[in-house]
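Going from the sequence shown to the working numbering is simple: count from 1 and add 186. What follows is one structure encoded as structure tokens, with my remarks underneath.
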Amino acid sequence: MNAEPVSVCYFSALQTVGALLVQTYLETKGFKTELHGITANTDLELLINKWNCKKPDSIVFSFSAFQFIYSIQSYSDELLKITDDIFAGGVVFNLDESLKDLLPRFVFPADLTDLAKLIDGRYLCKSKKSE
Numbered sequence: 187m188n189a190e191p192v193s194v195c196y197f198s199a200l201q202t203v204g205a206l207l208v209q210t211y212l213e214t215k216g217f218k219t220e221l222h223g224i225t226a227n228t229d230l231e232l233l234i235n236k237w238n239c240k241k242p243d244s245i246v247f248s249f250s251a252f253q254f255i256y257s258i259q260s261y262s263d264e265l266l267k268i269t270d271d272i273f274a275g276g277v278v279f280n281l282d283e284s285l286k287d288l289l290p291r292f293v294f295p296a297d298l299t300d301l302a303k304l305i306d307g308r309y310l311c312k313s314k315k316s317e
């Protein structure tokens, strides 16, 4: 389905349930995925360098705590140069929807079904443009 794996990012040294759920759901829908644990800004900087060399079609950030939003916010311009298809979600946005305002150009799917449809729709649009 997708040429490059969808990068699913979580903020922990241990894999989070939310990120694993995103990965599993997307893979059942036929998407290739890669999981990336981010524990410090240096991890994110290394990922950005990697993505600048090999651009993912989509990036998904799974937030389990609000403080990580500020880290991503400080790198949002660099991330958006890599791809416009950056998705964010997690329980923190259910607890405080105003946190979405900190990442204004990110997409916040309603649920996993919506995420898969959005990624698939954007991938199809990119494929048609490159033909």
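C-beta atoms are modelled at their ideal positions from N, C-alpha and C, and glycine is treated no differently. Please read all numbers here as calculations on a predicted model, not as lab measurements.
Item, Value
"Measuring only the C-alpha atoms, how far is I268 from P242?", "8 Å"
"Helix, strand or coil: which one does DSSP assign to A274?", "strand"
"Beta carbon of L289, beta carbon of Q259: below 8 Å?", "yes"
"So what does T219 bridge to, in DSSP terms?", "V192"
"What is the DSSP secondary structure of I245, reduced to helix, strand or coil?", "strand"
"In terms of DSSP beta bridges, what is V293 paired with?", "F273"
"Quick one: Cα of A302 to Cα of E283, how far?", "21 Å"
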